[in-house]
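K.L.:
There are 2 protein chains.
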Amino acid sequence: MTSMSGPEDWVASPVDVVDPRARPTMKNVAALAGVGVKTVSRVINGEPNVSPATIARVRAAAESLDFHPDLHAGNLRRADGRSSTLGLLVGSVGNPFSGAMHRAVEDAANARGVAVFASSLDDDPDREEVAVSAFLRRRVDGLILTTVSKSQSYLLPELRRGTPVVFVDREPAGVEADVVVSDNAAGAAAATRHLLSYGHRRIAFLGDRADIQTAQERRRGFLEELGRAGVATADIPVITGLHDEDAANRALIALLESEHPPTAVFSSQNLITIGAVRGLRERGAHHTVALVGFDDVPLADLLEPGVTVVAQNPHEIGRLAAARIFARLDGDRSAGRTYVVPTELITRGSGEMRPK
Amino acid sequence: MTSMSGPEDWVASPVDVVDPRARPTMKNVAALAGVGVKTVSRVINGEPNVSPATIARVRAAAESLDFHPDLHAGNLRRADGRSSTLGLLVGSVGNPFSGAMHRAVEDAANARGVAVFASSLDDDPDREEVAVSAFLRRRVDGLILTTVSKSQSYLLPELRRGTPVVFVDREPAGVEADVVVSDNAAGAAAATRHLLSYGHRRIAFLGDRADIQTAQERRRGFLEELGRAGVATADIPVITGLHDEDAANRALIALLESEHPPTAVFSSQNLITIGAVRGLRERGAHHTVALVGFDDVPLADLLEPGVTVVAQNPHEIGRLAAARIFARLDGDRSAGRTYVVPTELITRGSGEMRPK
DNA sequence: TCCGGTCCTGACATCGATGTCACAGTTTGG
DNA sequence: CCAAACTGTGACATCGATGTCAGGACCGGA
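Residue numbers (the numbering used here), protein chains in the order written: chain A, 612 to 967; chain B, 612 to 967.
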């Protein structure tokens, strides 16, 4: 601490005093180990042709300085320019469907030392573009996106550069790429067929915002199945634009109190299903009005009656999406494909009631 | 495709042919706009002293090339060295508690243009160190960590360098830093007091792995409350080491079939609570044996009976953790503090049954 | 007219790593 | 025993951006 130089202390100290607030670099490690920086680089990256003695010295120096290499600096020069980073945009990281997908993506990424940026879309087109832009500025190696904008053509230049992009849960517009989605229309049709087979003819549809692609598909599957069964859809109550539990709850209660209440309900999204369950309970109709939901709901099997659903497989969607990204990073140049992950009808009671 | 040069084709083309697979840099934008790179930098970063005409030219060039600045390259030279990135390590991104926390962190980060790396811990000490190391190699500005290792002293050098670290959900060992946790012992005591007040004396404890800090705290709160009430804890069934729904389910069934079955159960974690609910149902005991769980469970209010819980506030934990990180990034140098987020007893029926 | 001060602008060094290449010393093969 | 090949190593340019600094154009005032 005491200065040892005289009045002419303009001479820089030849010894690098270690500043605990400074982050060590390869240069520091090299100096401490008495080798060149390139040799440190070789040791850190496990490159061959370094003597065991040198390896040991470098390791010890790196350890004693708590050196962590700067991945991004290395990236800059590195030939393939990979950042070992993925961008994932989901509905909301707080939502169980998104969480399961996220988890599957993470597991695949982890196995390759890839880190995942996760962002929530909140069905807001502005957030979509902001998030994608944030990912691109950080030079992610690939994008897994849930989208809500009218068109994803803003991604065309990036796709042309070869960045792998996989769209999940919803199909994009204006671009060709890999897509991984649930069997939305077919699942909705299966749910509808199930209710029809129990004798229901007046089945209400509770749907999400009409501008969301999956919501449209589910509605289409529902209506087409009714058509196939020869049910006149004119007086079928189709309610859309519900975006949370509360709206669904109110809509269902209004239906129950209408002149011709439905004998069954198809709720086309998990939050809507929960709102519908609440509504049925509040009116004491949960043992008389049938209900089938799209997308599984936690603890649905423990409710009384259990909630019959068309379950999606978010884990499989995430797994497949990540697999596509890595396949393309490994050189797959085939044309973009759409992968449809099947849904599964799980009967638990609420969907197996006959109209009274 | 056909070569237009003669045998001496060593002459490089003076015109830069635009390669659609190449990612544009500031140099490319500068060339197209007919300005220097530094001017492009100024425009992109909104620095002053650039003429409106130049701004327009640069903007147009950047737009036409679909230029996205490389944040990490900028970072390298940038004075503060901030990467606008955060590392978040949670129990599992697929778990609703983690999801809620993650969401709150994301919201705070988003407001400052900060992206979040999310990783799952899975209560595996190796994953903890691997994840932290991956974060540090990517030069995150701050760390929000759920931990499981015996000691976090491996973080001391990083803390000394001034990287803000906040521990969430569980208290760390061997380091001093900001900590945000639920009121574990007090919450467990409140749950216990609640059951005692309904006349229960033989209350079983179903607990998570004993080496997890929060699990210990909840057990302590439970036992201390029994002590205060003068209940002999000798013949109180305390079962720990349950790490999933299934184990909890089996443990509970074994208890019910034992010689002196409990009249009430305190399940100290959300998966354990679910396993306990299943066990009670399978044995038809859900209307006779009381149950209070620690941590809320989705749809708990719709079950029959509703599940009484001591609810945590994961959103508030995440919000507070992010707030601490940003406060420290903004210069707060105060000593590390522990923030305790209160829990709340929510009565729904399962905890309000008297012993038969 | 000259001077000092803004306003704009670009050349250049630099951040922390890796790719290339040159070079010395050691083996190997003929 | 010597050329060829291989091993171990470090100097240096470079990746894409920003900080520094210097210089030219233009302004108003003396």
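The beta carbon of each residue, even a glycine, is placed where N, CA and C say it ideally should be.
Note that this is a predicted model, so its numbers are computed, not measured.
What three-state label does DSSP hand ILE847/B in the structure shown?
P.N.:
In the structure shown, ILE847/B sits in coil (DSSP, three-state: anything other than H, G, I, E or B).
K.L.:
Nearest by alpha-carbon distance to ASN706/A: which of LEU732/A, ILE655/A, ALA719/A, ASN686/A is it?
P.N.:
Nearest of LEU732/A, ILE655/A, ALA719/A, ASN686/A to ASN706/A, Cα basis: LEU732/A.
K.L.:
Hey, would you say ARG820/A sits closer than 8 angstroms to HIS854/A, going by beta carbons?
P.N.:
Yes, the Cβ-Cβ distance between ARG820/A and HIS854/A is below 8 angstroms.
K.L.:
Note the first and the last residue of the continuous alpha helix (DSSP H) segment covering GLY838/A.
P.N.:
Unbroken alpha helix (DSSP H) run through GLY838/A: 824-839.
K.L.:
Could you tell me the distance, in whole angstroms, from the CA atom of VAL952/B to the CA atom of ASP794/B?
P.N.:
Distance between the alpha carbons of VAL952/B and ASP794/B: 6 angstroms.
K.L.:
So GLU915/B contacts chain A; which residues on that side make the cut at Cβ distance below 7 angstroms?
P.N.:
Within chain A, the residues near GLU915/B are GLU915.
K.L.:
Measure the alpha-carbon distance for HIS683/A versus ASP752/B and round it to whole angstroms.
P.N.:
HIS683/A and ASP752/B: Cα-Cα distance of roughly 14 angstroms.
K.L.:
For SER616/B, count neighbouring C-beta atoms within 10 Å of its own C-beta (all shown protein chains included) and say buried if the count is 16 or more, exposed if not.
P.N.:
Low local confidence applies: a pLDDT of 35 at SER616/B is under 50, so the model's placement there is unreliable, and no value is given.
K.L.:
Considering just the uninterrupted stretch of the alpha helix (DSSP H) at LEU732/A, what are its terminal residues?
P.N.:
It is not in any alpha helix (DSSP H) - LEU732/A carries neither H nor E in the DSSP assignment.
K.L.:
Residues of the region 892-911 of chain A in Cβ contact with chain B at a cutoff of 8 angstroms, in chain order, please.
P.N.:
Those would be ARG892, VAL908, PRO909, LEU910, ALA911, in chain order.
K.L.:
Straight-line CA distance for LEU1025/A to GLY890/A?
P.N.:
Since the first and last residues shown for chain A are 612 and 967, residue 1025/A lies out of range.
K.L.:
Of the choices LEU834/B, GLY698/B, VAL842/B, ASP737/B, whose alpha-carbon is the least far from that of LEU817/B?
P.N.:
Ranking LEU834/B, GLY698/B, VAL842/B, ASP737/B by Cα distance to LEU817/B puts LEU834/B first.
K.L.:
Going by beta-carbon coordinates alone, are SER694/B and VAL701/B separated by less than 8 angstroms?
P.N.:
No, they are not a contact pair.
K.L.:
Report yes if the C-beta distance between PRO775/A and ILE814/A is below 8 angstroms; otherwise report no.
P.N.:
No, the pair does not count as a contact, with Cβ atoms beyond the cut-off.
K.L.:
Let me check understanding here. Comparing Cα to Cα, which of LEU643/B, ARG632/B, ARG634/B, ARG965/B lies closest to HIS805/B?
P.N.:
Comparing Cα-Cα distances from HIS805/B to each of LEU643/B, ARG632/B, ARG634/B, ARG965/B, the minimum goes to ARG965/B.
K.L.:
What did DSSP end up calling TYR809/A once you bin it into helix, strand or coil?
P.N.:
Here TYR809/A sits in coil by DSSP.
K.L.:
Do we get a CB-CB distance below 8 angstroms when we pair ILE864/A with the residues of chain B?
P.N.:
Not one chain B Cβ lies under 8 angstroms of ILE864/A.
K.L.:
Specify, as a first and last residue, the run of the beta strand (DSSP E) that PHE678/B falls within.
P.N.:
Per DSSP, PHE678/B belongs to no beta strand (DSSP E) and is neither H nor E.
K.L.:
So with CB distances below 8 angstroms, who are the chain B contacts of HIS713/A?
P.N.:
Going along chain B in sequence order, the residues near HIS713/A (Cβ under 8 angstroms) are VAL704, GLY705, ALA729.
K.L.:
Less than 8 angstroms between the C-beta atoms of LEU766/A and VAL741/A, yes or no?
P.N.:
Not closer than 8 angstroms, so no.
K.L.:
Decide if the region 920-940 of chain B is in contact with the region 831-847 of chain B; the criterion is three or more beta carbon pairs, one per stretch, under 8 angstroms apart.
P.N.:
The region 920-940 of chain B is not in contact with the region 831-847 of chain B.
K.L.:
So what does ILE814/B bridge to, in DSSP terms?
P.N.:
Per DSSP, ALA875/B.
K.L.:
List, from N- to C-terminal side, the beta strand (DSSP E) runs of 3 residues or more that fit wholly inside the region 904-954 of chain B.
P.N.:
Counting whole runs of 3 or more residues, the region 904-954 of chain B contains the beta strand (DSSP E) stretches 919-922, 949-952.
K.L.:
Output, in chain order, the set of chain A residues within a Cβ distance shorter than 9 angstroms of ILE885/B.
P.N.:
Under the 9 angstroms cutoff, chain A gives PRO909, LEU910, LEU913.
K.L.:
Pop quiz: ALA911/B and ARG948/B are said to be a contact at Cβ under 8 angstroms. What is the actual Cβ separation, rounded to whole angstroms?
P.N.:
Actually they are not in contact, since the Cβ atoms of ALA911/B and ARG948/B sit about 32 angstroms apart, beyond 8 angstroms.
K.L.:
Express the C-alpha separation of ASP907/B and ARG830/B in angstroms, rounding to a whole number.
P.N.:
C-alpha separation (whole angstroms): 17 angstroms.
K.L.:
Out of ARG668/B, GLY832/B, THR899/B, which one is the CA nearest neighbour of ALA799/B?
P.N.:
Among ARG668/B, GLY832/B, THR899/B, the Cα nearest to that of ALA799/B is on GLY832/B.
K.L.:
Residues of chain B with CB under 9 angstroms from VAL920/A, in chain order?
P.N.:
None at all; the shortest Cβ gap to chain B is about 13 angstroms.
K.L.:
Is it buried or exposed, GLY904/B, if we count other Cβ atoms within 10 angstroms and call 16 or more buried?
P.N.:
By the 10 Å Cβ count, GLY904/B comes out buried.
K.L.:
Check this for me: beta carbons of THR803/A and GLU836/A, under 8 angstroms apart or not?
P.N.:
Going by C-beta atoms, THR803/A is nearer than 8 angstroms to GLU836/A.
K.L.:
Report the rounded CA-to-CA distance for THR696/A versus HIS926/B, giving the unit in angstroms.
P.N.:
C-alpha separation (whole angstroms): 26 angstroms.
K.L.:
For the alpha helix (DSSP H) containing ASP718/A, list its first residue and its last residue.
P.N.:
Taken as a continuous stretch (DSSP letters only), the alpha helix (DSSP H) holding ASP718/A covers 707-721.
K.L.:
Of the choices GLN923/A, SER879/A, VAL646/A, VAL900/A, whose alpha-carbon is the least far from that of TYR866/A?
P.N.:
In the sequence as displayed, the identity of residue 866/A is Leu instead of Tyr. The shortest C-alpha separation from LEU866/A is found at VAL900/A.
K.L.:
Report, in whole angstroms, the separation of the C-beta atoms of ARG778/B and LEU747/B, which I expect to be a contact under 8 angstroms.
P.N.:
Rather than Arg, the amino acid found at residue 778/B in this sequence is Phe. That belief does not hold up - the Cβ atoms of PHE778/B and LEU747/B are roughly 16 angstroms apart, past 8 angstroms.
K.L.:
Closer than 7 angstroms, Cβ to any Cβ of chain B: which residues of the region 669-680 of chain A, in chain order?
P.N.:
Cβ contacts with chain B come from ASP677, HIS679, PRO680.
K.L.:
Do you know offhand how far VAL791/B's Cα is from HIS713/B's?
P.N.:
The alpha-carbon atoms of VAL791/B and HIS713/B are separated by roughly 14 angstroms.
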